[in-house]
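**Q** Below are the structure tokens for one structure; questions will follow.
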Amino acid sequence: MSEDKKEKAVKPKKVADAMAASICPATQEMIKRAQDLDIETVFDRAVTMKPCNIGMQGTCCKMCAMGPCRLPMPKAGIEGEDTRKGLCGATANTIAARNFARMVAAGVAAHSDHGRAVAEVFLSVARKETDDYTIKSPERLIQIAPHFGVDVTVEKDGEEVDRDFDEIALEVAEKALAEWGKPEGELAYLKRAPAPLYERWKKLGELPRNIDREIVEIMHRTTMGVDQDYKNIVKQCTRAALADGWGGAMIATDLQDVMFGAPSPLQSEANMGIMKEDHVNIIIHGHEPVLSEMIVAAAQSAEMLDYAKKKGANGIQLGGICCTGNEMLQRHGVPPAGTFLQQELAIVTGACDAMVVDVQCVFQNLANVAKCFHTKLITTHPIAKMEQDNVIHIEFDEHHALEDAKRIVTMAIDNFENRKAEVMIPKHKSVQIAGFGVESIEYHLGGTFRGSYYTLNDNIINGRIRGVAGVVGCNNARTKHNDAHITIIKELIKNDVLVLTTGCSAIACGTHGLLTPETAQVYCGPGLAEVCETVGIPPVLHLGSCVDNSRILMAATEVIKAGGLGNDICEAPLAGSAPEWMSEKAIAIGQYFVASGVYTVFGYHMPLDGAPEFRDYLYKELETIYGGMWDCEPDPVKHAQKMIAHIDKKRKELGIDKARERVLMDMADRQALEA
Ligand code: BF8
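By our numbering, the letter at position 405 of the sequence shown is numbered 480, and the numbering carries on one by one without gaps.
If you want it as structure tokens, here you go:
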């Protein structure tokens, strides 16, 4: 072997720089530990594998076997006519729009199939086929029934009386489930939107008919040789996305609230430091609370706790990853151990006795990492298995759910004594207040007597609160973990923008200490700080998992209903953001936010640059159709500033910009005035 070749052979493996990969100290510690143990994680793969340049531009078409046809934008750009085309003649716009639409379809499918699973469990409850699940919030059921056209009262002897509750439950369950496949009509929940918004969708011919049909139609339209007009493709994107936000995801949120209870504010903690060396640690990862609810019940049972003690542990510590983490947090105060990018690292602690996963956002590499430790990796969902032979599949069935959950918890307890590697749990964790919902915002900002969003609106009108932003979504290993979430949110609250957060963004906020009322005094502008201090809320409100983005839509609707901030969502000083998005689900969410009138900025990049005309259609022209539009800004501070500029534009259009100028007078001046 030549000297050159020898040198090449011993070249050290390229790995991630932990400090550059994340702003979270626990994450940094665990990345380094994984590297010391020669265990590869997503952070390392992100530095060794470059993303495909043409895919990044959105202009690779693999819809037929004449391709993949690749239409990259030439480095020097295009002067004059754009003559790029695939073998069939598809333009860059058509190809990028098809790819975008298929992301919407996949995202809608994921959220809505989750919603369908919840609706099916609810039907079993309504039919009294299961004892493990019950109706914990009858009030919520009564609240949503009329939206499905289900009567909650009946006439008896000339008098209006309450209808039999079991009958209501059964009819709601059947009607909800029918939303996925009813042969005619439109989705029941669309009329919950402000009337002008509903009318706009109707005029545009974009009211979703049933959830499954809109997904199927995207797949049909985007297959070879069908819809070749990018504007027409976007219309179907809207119809499908609305079937998610105002359909499948909203039904998921509501029926989860009905069965598991509507969240209300509670205290908890966040980050990997919640794991305990002397406890059995069970990490639940995925999305459907149908599973996690039962694991919580099993892990809290005296039977399981006694068994854990018998096996030498001081208790059972549950922790969440991704949206299951949010679901368990919102309703039970179970602390999240981390976001999407921390899933492998929870195992790297050496203290994870079982990781239980269901659907979505689950790395296949978990199996490889688990192999290096004693961790039992358990898949539970029939549609989500793994090929590696160390993965255990315990299929979860709602008809004997608690039994399945106990089996899983028992397996974790039995595994406690098998810990091999030295345990190294990072110390870092933060206190957080989570568990907000549409009603709790109303309660905290409006009080029990007012019972409306009037006080929030009042504070927006008088300028103490500049506007409201929804900051949501994933982590992405191509960007610094949590950096954009935290930078953007700090910039927003510094400028008096109240933030509503969900998904991994919410976990990031909890991890970095932004979900406490005390945060207001440290990071907020004077107006927002004053409101938070008066009512005792954090300036960043945790509204739940990604399907709970429907709560943000309903909060925006409540703002419009309370009056004074326009007649439609697009008129109010609101903005949306997904700073570190990676999932197709984020694109579906973005599209329903935009189509509901919200200016929505994504971080990192959007796969649109190979088709500038299509990109401009999304970023500029959609505003003339929906009042909301897409945008992309990777720089976090500029990203927040764009949202603030939009909020200010809306304030000006509403004629409330002057009030804001008065409040912004200057902090020192204000203090002098008060003195
Ligand atoms: O649905 S935010 S990484 S966990 S996709 Fe996944 Fe993104 Fe996290 Fe929840 Ni949402």
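The beta-carbon is built from N, C-alpha and C at its ideal position, and this holds for glycine as well.
1. Quick one: which unbroken alpha helix (DSSP H) runs of 4-plus residues sit fully inside the region 173-216? Chain order, please.
2. Could you pull out every residue in the same chain whose Cβ sits closer than 6 angstroms to the Cβ of glutamate 289, ignoring the five residues on either side in sequence?
3. Apart from the five residues just before and just after threonine 675, which ones in its own chain have a Cβ nearer than 8 angstroms to its Cβ?
4. Measuring CB atoms only, is the region 418-430 touching the region 449-466, in the sense that at least three cross pairs come out at less than 8 angstroms?
5. Mind checking whether aspartate 119 and valine 90 have CB atoms under 8 angstroms apart?
6. Under the assumption that leucine 404 contacts serine 343 (Cβ atoms under 8 angstroms), give the Cβ distance between them as a whole number of angstroms.
7. Is the distance from the Cβ of phenylalanine 175 to the Cβ of glycine 133 below 8 angstroms?
8. How would you label leucine 748, buried or exposed, when you count the other beta carbons within 10 angstroms and need 16 or more for buried?
9. Between which two residues does the alpha helix (DSSP H) carrying aspartate 479 extend?
10. With distance defined between alpha-carbon atoms, name the residue in Val85, Pro614, Gly672, Glu605 nearest to lysine 565.
11. With burial defined as no fewer than 16 other Cβ atoms inside 10 Å of the residue's Cβ, what is the status of threonine 297: buried or exposed?
12. Apart from the five residues just before and just after alanine 374, which ones in its own chain have a Cβ nearer than 7 angstroms to its Cβ?
13. Within a Cβ cutoff of 6 angstroms, which residues of the same chain sit near cysteine 312, ignoring the five residues on either side of it in sequence?
14. Please report the straight-line C-alpha distance between tyrosine 221 and serine 187, rounded to a whole angstrom.
15. Which residues in the same chain have their Cβ closer than 6 angstroms to the Cβ of aspartate 207, if we skip the five residues on either side of it in sequence?
16. Exposed or buried, glutamate 254, counting other C-beta atoms within 10 Å across all chains shown (16 or more means buried)?
17. Going straight from the alpha carbon of valine 43 to that of glycine 190, what length do you get?
18. Look at asparagine 97 and asparagine 557 and say whether their C-beta atoms are less than 8 angstroms apart.
19. Can you tell me the Cβ-Cβ gap for proline 100 and histidine 587, rounded? I've got them flagged as a contact below 8 angstroms.
20. Do you know how far the Cα of threonine 205 is from the Cα of phenylalanine 677?
21. Could you name the residues that DSSP lists as bridge partners for isoleucine 243?
22. Which word fits proline 648, buried or exposed, when buried means at least 16 other C-beta atoms lie within 10 angstroms of its C-beta?
23. Within the region 530-578, note down every full alpha helix (DSSP H) run reaching 4 residues or more, in order along the chain.
24. Sort Thr562, Gln507, Asp571, Gly548 by Cα distance to glutamate 593 and report the nearest one.
25. Just verifying my parser: in three-state terms, what is the DSSP assignment at cysteine 397?
26. Roughly how many whole angstroms lie between the Cα atoms of isoleucine 210 and leucine 330?
27. Apart from the five residues just before and just after glutamate 104, which ones in its own chain have a Cβ nearer than 6 angstroms to its Cβ?
28. Taking the CB atoms as reference points, tell me whether glycine 322 and isoleucine 286 lie closer together than 8 angstroms.
29. What does the alpha-carbon distance come out to for the pair aspartate 691 and lysine 250?
30. With histidine 714 as the anchor, note down where its beta strand (DSSP E) starts and where it stops.
31. Would you give the residue range spanned by the beta strand (DSSP E) that cysteine 707 belongs to?
32. List the endpoints of the continuous alpha helix (DSSP H) containing threonine 699.
33. Given 8 angstroms as the limit, is there contact between the region 562-582 and the region 600-618, that is, 3 or more CB pairs closer than that?
34. Whole angstroms is fine: what's the gap from methionine 718's alpha carbon to glutamate 728's?
35. Within a Cβ cutoff of 8 angstroms, which residues of the same chain sit near isoleucine 561, ignoring the five residues on either side of it in sequence?
36. Taking only three categories from DSSP, how would you classify phenylalanine 415?
**A** According to the structure data:
1. none
2. Pro283, Arg314, Ala315, Ala318
3. Ala650, Gly651, Ser652, Ala653, Gly665, Phe668, Val669, Gly703, Met704, Trp705, Asp706
4. yes
5. yes
6. 6 angstroms
7. yes
8. Residue placement at leucine 748 cannot be trusted, given a pLDDT of 44 that sits under 50; what the coordinates show is reported in the next sentence. When all chains shown are included, leucine 748 counts as exposed.
9. 476-490
10. Pro614
11. buried
12. Ile357, Ile391, Leu393, Val484
13. Ala176, Val179, Gln666
14. One detail in the question is off: residue 221 reads as proline in this sequence, not tyrosine. In a straight line, the C-alpha of proline 221 is about 21 angstroms away from that of serine 187.
15. Ala476, Leu477
16. buried
17. Limits of the chain in this structure are 76 at one end and 750 at the other, which puts residue 43 out of reach.
18. Note that residue 97 corresponds to serine in the displayed sequence, not to asparagine. Yes. Within cutoff.
19. Rounded, the Cβ-Cβ distance is 10 angstroms, inconsistent with contact.
20. 42 angstroms
21. DSSP lists no partner for isoleucine 243.
22. buried
23. 558-569
24. Gln507
25. helix
26. 9 angstroms
27. Pro501
28. yes
29. 40 angstroms
30. Histidine 714 -> not in any beta strand (DSSP E); alpha helix (DSSP H) instead, spanning 711-729.
31. 705-707
32. 697-701
33. yes
34. 15 angstroms
35. Ile98, Ala583, Cys584, His587, Leu589
36. helix
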